[in-house]
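Single-structure report; data block below.
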Amino acid sequence: MTLVLRFAAGSHKGLIREGNEDSGYAGPRLLAVADGMGGAAAGEVASSEVLGSIVRLDEDVPGADLLTLLGDAVQGANDRLRQMVEEDPQLEGMGCTLTAMLWTGQRMGLVHVGDSRAYLLRDGSLVQITQDHTWVQRLVDEGRITPEEAETHPQRSLLMRALDGRGQVEPDLSIREVRAGDRYLICSDGLSGPVSHQTLQDTLGSYYSPEQTVQELIQLALRGGGPDNITCIVADVIDVGATDTMSGQFNDVPVVVGAVAETPPSSTAADRSIADTPAGRAAGLGRGPQGAFGPAEGYDAAGNAFGPAEGYEGDGGYGYPAEPSVYGTEEFDGEQPSRRKRRGLTVPLAVLVTLGLLGGAGYFGYRWTQDQYYIGEDGDHVAIYQGVNQNLAGLSLSSVHESHSDAPLKWLPQDQRAQVNRTISVGSLSDAQKTMGTLVDWAKLCQKAATANTAAPQGAQGTTTTRTAFVAATPTTPGEREKPRSPGAAAPSATTTPSAPGTAAPTPNATPPAAAPSEQAQPPQQPALSDDERSRAEACPKP
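Residue numbering for the sequence shown follows the working numbering, beginning at 2 and increasing consecutively.
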């Protein structure tokens with residue numbers, strides 16, 4: 002028995018995002034999807050660099066341990082991101098998810114970081130074989146919300162793990178046995194978000210070829226609103242024998258889609274890695290340009306574009322007539338003058354109707370944008386915007402609806418700040434306010450945690466804080482310079498009592514008299530963090 006992979010990949014920027022930050026790679030041994038994050042901080046750069054760093058895994062390394070190869074490659078990709086940020090601080094905040102599978106002919110090694118997903122369709126049943134590294138998934142694991150609630154939770158995209166060049170990455174690694182007839186799907190959350198699990202199962206089980214399946218999956222995500230970039234890879238495990246006529250139809254040319262195809266990795270190491278592997282033959286594939294509502298394009302294993310998805314026929318996009326009208330075929334007779342007169346009346350009428358339709362479409366289109374909301378940056382804090390994050394003829398189609406100075410960007414966890422940076426899509430104003438409430442809570446929690454970690458009660462003139470209470474409340478570190486003592490506090494040596502009238506004046510070193518009890522200020526009480534708050538505060542920015 003000889004098992005081979007037949008694969009296809011496709012990517013689309015969706016209907017909301019201005020660019021595509023996803024990257025996808027499919028080869029004879031390696032399947033990988035990376036979803037960039039960071040918005041203006043170059044999420045597309047992160048996803049491209051990560052895939053450019055791991056494509057060397059597509060080479061055949063006999064006897065190599067799958068998990069070791071995957072673990073080392075992911076750590077190397079993370080180190081590459083760290084190096085890029087050190088060289089260019091403007092890239093601070095960029096990162097990406099990664100879900101990749103490495104094939105040996107009998108087994109699949111799986112590595113996963115973030116909320117991109119891998120699925121397995123076997124015997125008609127679809128199973129998600131990765132676990133999202135998100136805040137809502139943690140809530141589900143702890144039993145605080147149900148899986149159904151997680152699907153609509155406003156913070157379902159808040160990542161707890163990602164490749165961002167910080168510290169040691171902790172990926173999930175596993176090995177899976179494969180069977181002939183298995184079908185694998187790897188996708189970004191731009192597909193798994195708007196398309197339900199049941200619809201994914203039905204679609205993966207209804208189409209024969211990976212190429213057709215990829216087209217249909219992208220179409221489903223677009224029909225669901227296309228709120229995010231959409232990237233997916235479909236790979237079938239097929240048994241072909243030495244005498245099987247099907248074996249000649251499979252090609253080992255890799256496929257690259259998304260940001261990695263449009264903006265290849267910039268690093269010399271990545272370029273060299275690609276050139277030395279089968280991926281080098283994919284460098285010339287790339288993708289055609291996509292409009293805001295353009296076709297969902299992709300490539301099959303032979304490098305052939307499988308063209309637009311169903312419903313996008315014609316140059317004008319969806320629903321555009323495939324055949325132009327043909328003029329000059331009218332028959333002329335004796336009634337020609339009158340026919341010309343009627344035609345002269347018809348043309349202005351058609352123009353008026355067209356202008357009316359365009360005006361109506363523009364009005365209703367504008368009204369539709371005013372029913373849309375999203376969350377984004379407003380200076381150094383977060384705001385709810387009304388409209389869509391697009392410009393039309395130089396005019397912005399959105400405006401600030403609610404500005405929240407109580408949600409400063411500097412107090413948000415890095416992942417949430419990145420989400421706000423690239424804007425958070427919501428379904429309604431109510432959803433936007435719920436999401437904003439969560440962001441405000443996070444900002445308050447992080448500020449509270451920073452205050453609790455850094456604030457220390459200090460003695461000041463007019464307070465009753467004693468030295469003993471001060472030491473108990475504020476631990477000191479070796480070598481720390483001693484804080485000024487509070488007036489009236491115990492001192493190593495005796496203090497000078499204020500002189501009565503007619504007595505000698507106190508020396509310059511004498512301690513001023515303590516204020517009366519009624520005038521003494523109380524030391525500020527720092528709110529203590531609960532166990533749950535301390536756990537959540539781990540994601541907060543470090544002061």
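For each residue, glycine too, the CB sits at the ideal point set by N, CA and C. Just so it is clear, the structure is predicted and the values come from calculations on it, not from any experiment.
It is roughly 43 Å from the alpha-carbon of T147 to the alpha-carbon of V254.
In the three-state reduction of the DSSP assignment, H134 falls in the coil class.
One thing to note: G20 has its Cβ no nearer than 9 Å to the Cβ of M85. Cβ contact annotation for V179 (same chain, cutoff 6 Å, sequence separation greater than five): M109 and V238, in chain order. Here the alpha carbon of D432 sits roughly 9 Å from the alpha carbon of Y375. Distance from C97 to D190 at the Cβ level is roughly 12 Å; contact not present, criterion being Cβ atoms closer than 8 Å. The beta carbons of R184 and V235 sit about 7 Å from each other, so the pair counts as a contact at 8 Å. Between G94 and G39, the C-beta gap is smaller than 9 Å, which places the two residues in contact. By the C-beta density criterion, G357 is exposed, having fewer than 16 other C-beta atoms within 10 angstroms. A260 and E212 have their C-alpha atoms spaced approximately 20 Å apart. The C-beta of N454 has fewer than 16 other C-beta atoms within 10 Å across all chains shown, which makes the residue exposed. Judged by DSSP in its simplified three-state form, T100 adopts strand.
Per DSSP, D432 has no beta bridge partner at all. Following the DSSP letters along the chain, one finds M161 in no beta strand (DSSP E), marked with neither H nor E.
Beta-bridge partners of Y26 (DSSP): A33 and V257. Here the C-alpha atom of V75 lies approximately 17 Å from the C-alpha atom of D133. Counting only runs that start and end inside the region 371-454, the alpha helix (DSSP H) elements of at least 4 residues fall at 415-422. The DSSP-derived three-state label of M109 is strand. The three-state reading of DSSP puts H13 in strand, counting E and B together. By the neighbour-count definition (other C-beta atoms within 10 Å, threshold 16), Q107 is an exposed residue. Non-local beta-carbon contacts of A163 in its own chain, meaning distances under 8 Å to residues more than five positions away in sequence, involve M38, G96, C97, T98, V114, G115, H134 and D416 in chain order. Taking the Cβ atoms as the reference, Y209 lies roughly 11 Å from E217, outside the contact range of under 8 Å. Bridge partners of E178 according to DSSP: R108.
DSSP places R157 outside any beta strand (DSSP E), giving it a letter other than H or E. DSSP places A236 in the strand class (E or B) of the three-state scheme.
Assignment of L530 by DSSP, reduced to helix, strand and coil, places it in the coil class. Counting the other CB atoms within 10 Å of its CB gives K14 a total of 16 or more, which places it among the buried residues. The alpha-carbon separation between V128 and K411 amounts to approximately 39 Å. Following the DSSP letters along the chain, one finds L122 in no alpha helix (DSSP H) but inside the beta strand (DSSP E) bounded by residues R118 to R123.
One Cα belongs to V196, the other to S399, and the distance between them is close to 27 Å.
Per DSSP, reduced to three states, the secondary structure at Q129 is strand. Here I55 carries a helix assignment [DSSP, helix/strand/coil]. Sequence-distant partners of A450 (beyond 5 residues in either direction) whose C-beta falls short of 8 Å from its own C-beta, in its chain, are L530, E534, R535, A538 and C541.
Counting of Cβ neighbours within 10 angstroms places A222 among the buried residues, the total reaching 16 or more.
One alpha carbon belongs to G28, the other to D59, and they sit about 7 Å apart. Around the beta carbon of A181, a 10 Å sphere encloses fewer than 16 other beta carbons of the protein chains shown; the residue is thus reported as exposed.
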